[in-house]
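Numbering (numbering that gives the first Met the number 0), first residue to last: 0 to 68.
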Amino acid sequence: MAEDIKTAQRKLTDRVMGRPGVIGTAIGMSRGDHCLKVLIADDRGRRGVPREVDGYKVVVEHTGRIRRR
Numbered sequence: 000m001a002e003d004i005k006t007a008q009r010k011l012t013d014r015v016m017g018r019p020g021v022i023g024t025a026i027g028m029s030r031g032d033h034c035l036k037v038l039i040a041d042d043r044g045r046r047g048v049p050r051e052v053d054g055y056k057v058v059v060e061h062t063g064r065i066r067r068r
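Structure (structure tokens):
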């Protein structure tokens with residue numbers, strides 16, 4: 000995986016982490032292309048998420064709360 004998508008993920012993480020409802024970011028696939036994901040616990044996390052970062056599409060994925068076992 001190219002370093003540029005990892006750099007884009009770090010930028011996205013810096014921008015969205017700490018906001019209500021956001022629990023993480025990830026690199027994934029959307030329709031056959033690499034994308035960035037914002038993982039949210041609830042709909043509050045959708046607010047202010049950019050549509051793209053450095054040319055990579057940003058997808059919001061509702062995961063719910065992630066609990067440690």
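Just so it is clear, CB atoms sit at the ideal spot from N, CA and C, and this is done for glycine as well. Please read these numbers as outputs of a predicted model, since none were measured by experiment.
Alpha-carbon spacing of Gly27 relative to Cys34, whole angstroms
Reading the sequence shown from its first residue, position 28 is the one you call residue 27. Reading the sequence shown from its first residue, position 35 is the one you call residue 34. C-alpha separation (whole angstroms): 5 Å.
8 Å contact criterion, which Ile39 and Thr62 should meet: CB distance rounded
Here residue 39 corresponds to residue number 40 of the sequence shown, with the count starting at 1. Here residue 62 corresponds to residue number 63 of the sequence shown, with the count starting at 1. Yes, they are in contact, since the Cβ atoms of Ile39 and Thr62 sit about 7 Å apart, within 8 Å.
Report the partner residues of Val59 according to the DSSP bridge assignment.
Indexing the sequence shown from 1 puts residue 59 at position 60. Val37, per the DSSP bridge assignment.
Bridge partners - Ile26, DSSP secondary structure assignment:
Position 27 of the sequence shown, counting from 1, holds the residue named residue 26. In the DSSP output, where bridge partners are listed per residue, Ile26 has Leu35.
On the DSSP bridge assignment, give the partners of Val71 in chain order.
Because residue 71 is not part of the residues shown, which for the chain are 0 to 68, the question remains open.
Pick helix, strand or coil for Val48, following the three-state DSSP scheme.
Taking the first residue of the sequence shown as 1, we reach residue 48 at position 49. Val48 falls in the coil class under three-state DSSP.
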